[in-house]
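Here the structure is laid out as structure tokens; the discussion comes afterwards.
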Amino acid sequence: MRIERVELIELAVRLRFRFETSFGVEQDLRKIIVIAHGEGLEGYGEATTGETPGYSYETTDTAWLMLEQVILPAVVGHDLASPAALLERVAGVRGHNMAVAAIESAFWDLQAKAAGMPLWALLGGVHTEIPVGASIGIQGTVEETVEQARRHAAEGYKRLKFKIKPGWEVVPLRAVRDALPDMPLTVDANSAFRLTDARVFQALDELDLDYIEQPLAHDDLVDHAKLQAMLGTPICLDESIHSPQDARKGLELDAGRVINVKMGRVRGHLEARRIHDVALSFGAPVWCGGMLELGVGRAHNLHLSSLENFTMPGDTSSASRYWDEDIVEPLLDAHDGVQKVPNGIGLGVTLKRELMDRLTRRRLDFPGR
Ligand code: OSB
Ligand code: MG
Numbered sequence: 001m002r003i004e005r006v007e008l009i010e011l012a013v014r015l016r017f018r019f020e021t022s023f024g025v026e027q028d029l030r031k032i033i034v035i036a037h038g039e040g041l042e043g044y045g046e047a048t049t050g051e052t053p054g055y056s057y058e059t060t061d062t063a064w065l066m067l068e069q070v071i072l073p074a075v076v077g078h079d080l081a082s083p084a085a086l087l088e089r090v091a092g093v094r095g096h097n098m099a100v101a102a103i104e105s106a107f108w109d110l111q112a113k114a115a116g117m118p119l120w121a122l123l124g125g126v127h128t129e130i131p132v133g134a135s136i137g138i139q140g141t142v143e144e145t146v147e148q149a150r151r152h153a154a155e156g157y158k159r160l161k162f163k164i165k166p167g168w169e170v171v172p173l174r175a176v177r178d179a180l181p182d183m184p185l186t187v188d189a190n191s192a193f194r195l196t197d198a199r200v201f202q203a204l205d206e207l208d209l210d211y212i213e214q215p216l217a218h219d220d221l222v223d224h225a226k227l228q229a230m231l232g233t234p235i236c237l238d239e240s241i242h243s244p245q246d247a248r249k250g251l252e253l254d255a256g257r258v259i260n261v262k263m264g265r266v267r268g269h270l271e272a273r274r275i276h277d278v279a280l281s282f283g284a285p286v287w288c289g290g291m292l293e294l295g296v297g298r299a300h301n302l303h304l305s306s307l308e309n310f311t312m313p314g315d316t317s318s319a320s321r322y323w324d325e326d327i328v329e330p331l332l333d334a335h336d337g338v339q340k341v342p343n344g345i346g347l348g349v350t351l352k353r354e355l356m357d358r359l360t361r362r363r364l365d366f367p368g369r
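First residue of the sequence shown: 1, per the working numbering; consecutive thereafter.
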């Protein structure tokens, strides 16, 4: 199949809440939507970049630049037998996985549509109902944190993840644990600590957390292994895992025992599935992380979560938690902490083009006319 042309669309959107993590605050975001055209069909992808290079060096601006100048010229207009063939054409692009994943995932949608199958079935998924949790940003006070915890628990979310940073960890989490003794709870440090902070994690170790996500530096599997050896709570790796080889190294070193798989961070569905397979071979569970996606990225996350070894609740909470209006139909909301994988052909969602037009900040047709 040939991708004949691509529309790149940058949308300006505003989160319904201020989302604070150890690397900064996010609320006004720009998101890139990719529409790949081929054989009279349209495939949809979304770049999972943020505004600043805090979580990853990639940003919405770097993804636009790479797609326009490097990635689309390499893939558009060529016969691509499979997503593997698409990746082969950009094998010379070091990194920029979120930019590559935006078109790789759109190509999967195209292929599923050409095959007349839902994407989850083409990926080889087995789950059609996805248990999800909520990721809760750093709040101003312990009281607000407990209030958020109670509210999301009451909405039915299957686990609550709290962002932490140095100085904001044990006290708020102990308060949440006291308020919700039986709720599955986790924390995510987004790489903000060092091994010399081990005492913080030994204190968190007493709170019966399901895992501690990415406590240490993004590129330091060795120190993660040292920390894991001190803890009963599993470490979950997020920023450290960019490839199946990273997953193999992380699990082999016992730098973590759970992997947060994000399609964008790892270059798309094909590599995400390979990481899922590596983790399965180690007996390590995975779950699908989130990047504050709009409906296109959210739908891709649900299809990915259909794979067998996605056995822990993911971050794909209700679209209406994040956005006043989402750009796809149907609305991807959880009910009692469960999201249904869209079951139409391909991604199984349609774009609200009029709403998108109102939100558009820049667009590009590739190739240009
Ligand atoms: O580390 O998982 C993360 C959001 C942006 C960047 C990194 C992360 C997150 C989240 C939010 O935790 C997940 C979501 O609700 O989409
Ligand atoms: Mg994370």
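Glycine included, every Cβ here is placed at the ideal spot set by N, Cα and C.
The Cβ atoms of Ala106 and Val34 sit closer than 7 Å to each other. Ranking Ile259, Met291 and Met263 by CA distance to the CA of Ala279 puts Ile259 first.
Here the distance from the Cβ of Asp28 to the nearest heavy atom of the ligand OSB is not below 6 Å. For Gly297, the three-state secondary structure derived from DSSP is helix. Looking at the DSSP output, Ile35 bridges to Glu7 and Tyr44. Distance between Lys226 and Leu253, taken at the CA atoms: about 9 Å.
Relative to the ligand OSB, the nearest heavy atom lies less than 6 Å away from the CB of Met291.
The C-alpha of Arg362 lies about 14 Å from the C-alpha of Gly368. Assignment of beta-bridge partners to Leu304 by DSSP yields no partner.
Straight across, the Cα-Cα distance linking Val93 with Arg177 is about 45 Å. Counting C-beta pairs with one atom in each stretch, the stretch 289-300 and the stretch 344-352 have three or more that are closer than 8 Å, which means they touch. DSSP lists no bridge partner for Gly289. For Asp326, the distance from the CB to the nearest heavy atom of the ligand OSB is not below 6 Å. The C-beta of Asp324 has fewer than 16 other C-beta atoms within 10 Å across all chains shown, which makes the residue exposed.
Under the 10 Å beta carbon count, Gly24 is surrounded by fewer than 16 other beta carbons and is classified as exposed. Here Gly232 is exposed: its Cβ has fewer than 16 other Cβ atoms, across all protein chains shown, within 10 Å. Relative to the ligand OSB, Asn190 has its C-beta within less than 6 Å of a heavy atom. In this model, Val266 and Gly45 are separated by some 14 Å (Cα to Cα). For Ser135, the three-state secondary structure derived from DSSP is strand. The alpha-carbon of Ile138 is positioned some 43 Å away from that of Gly38. When DSSP reads this structure, Gly346 sits in a beta bridge with Pro118. Inter-residue distance for Arg2 and Arg89 is about 13 Å (C-alpha atoms, whole angstroms). Less than 7 Å separates the beta-carbon of Pro131 from that of Lys158. Ala12 has Arg30 as its beta-bridge partners, per DSSP. Here Arg358 is exposed. Its C-beta has fewer than 16 other C-beta atoms within 10 Å.
Distances from the CA of Ala102 to each of Val286, Lys113, Val200 and Pro83 were compared; the closest alpha carbon is that of Pro83. Inter-segment contact for the stretch 208-220 and the stretch 232-248 is present: three or more beta-carbon pairs are separated by less than 8 Å. By the Cβ neighbour-count rule, Pro244 is buried, with 16 or more other Cβ atoms within 10 Å of its own.
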